Every structure is written in structure tokens, then in C-alpha cells.
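Quick notes on the structure that follows.
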Amino acid sequence: MSVFKKNNLQSFTLVEVVIVMGILFILFAFSAVSLIGVQQQTSLNTSLDTLVSDLKSQQLKALVGDTEGRDFSSPYGIHFSSNNYVLFHGTSYTPNDTTNFTIPLTDGVQFTNITLPNSEIIFNSVTGEVNGFTSNQNTLTIQNTASGQMKTITMNRYGIILAIQ
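If you're matching positions, the sequence shown starts at 244 in the numbering used here and goes up one per residue.
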């Protein structure tokens, strides 16, 4: 029997560990870059979905003559600013009206091209049609400022969204 035994310990060398860590770092970097793009697209789509829902809601309120506790029904509308929009009732937007409801856009999302008259759309009571509709003033563009991705909403005189491009 030999006094000296050979050690058969198996382990990784420093070079092997560094190579594996480098590969994992590269995979992580690609994943992170990919996820940032998905997050930017998701924030734009979320803001767009909320806006479309609010457009339909305001039109429906005008159509059914919703009074919201008032003695009479009135038109409903949305006023657009660069980073938010305001839900209101009445024939025109009044900034100091306490019944206005402001919806902020998601961070990094803004309106870039509003061709609507006075930057607002108003739905007439009972008919739900767009008040003062002009065919060349019927689009609204929303943009993610980080990615530059844009979506343009086009509406017709009945308040129907014709296209989101």
C-alpha cells in the first residue's frame, strides 16, 4: 500500500469559469435589450387602448343622454394636450370645470400630431356624431418618445375609428 495517494479532485479552471460567465453576460445583455423594446411597445399600446376605450365611453354617454346627475343631457368630449387628455361634458372644453377628468399618458408617451379642431373631439347628444366634423381634421397621433414608434387614429363623422396605423 502506498503512503502517497493521488488526489482525483475534479474542478473547473479559472479560464472555464470566466468563459461561462462571459457567455451568460452576453445572453443577459441581449435579453435586457429585447425586453426594453417590448416594454416601450407595451406602454404605447396601453395608452392607445385606454384612449380608444375613453373615446367610445364619451360617445356612448352622449348617445344615451347620460346626465351624470345633472338636470339635462349634454354633449361629451375629450380635449387633448401633449401628455394627457381631459374627459369633459358640454359644448366646449372649460379648463377650470371641476367635473373634468384628466387622464395622464404613460411615461414616455405623448400626442405628437393632433389635427382635431381646438385639439378636441365632441360627441353630440342623442346622435353621438362628432360636432363640427371636418374630414381633413380627423386624426390624432400618439408616440413613444423613446422608441419613436407612432400610432395614428383616424375617425369618421360618426365617431367611428376607421384606422389605427
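We treat Cβ as the ideally placed atom computed from N, Cα and C, and that holds for glycine. All values reported here derive from a predicted model rather than from experimental measurement.
| Query | Result |
| --- | --- |
| Is DSSP giving residue 373 helix, strand or coil here? | strand |
| Just curious, the beta strand (DSSP E) that residue 366 is in, first and last residue? | 363 to 366 |
| Do the stretch 337 to 349 and the stretch 373 to 382 meet, that is, are 3 or more Cβ pairs less than 8 Å apart? | no |
| Can we say the stretch 343 to 358 touches the stretch 380 to 391, given the rule of at least three CB pairs closer than 8 Å? | yes |
| Could you tell me whether the Cβ atoms of residue 334 and residue 318 are closer together than 7 Å? | yes |
| In whole angstroms, what is the alpha-carbon distance linking residue 278 and residue 289? | 16 Å |
| Out of 396, 366, 260 and 406, which has the shortest C-alpha to C-alpha gap to residue 332? | 366 |
| Who are residue 344's beta bridge partners in DSSP? | 330 |
| Exposed or buried, residue 357, counting other C-beta atoms within 10 Å across all chains shown (16 or more means buried)? | buried |
| Using three-state DSSP, classify residue 403 as helix, strand or coil. | coil |
| For residue 405, which residues of its own chain have a beta-carbon under 7 Å away from its beta-carbon, when the five flanking residues on both sides are left out? | 397, 398 and 399 |
| Using the C-alpha atoms, what's the distance from residue 344 back to residue 301? | 12 Å |
| Provide the residue span of the beta strand (DSSP E) that contains residue 227, from first to last. | Residue 227 cannot be examined here, being either before or after the span of the chain that is shown, 244 to 408. |
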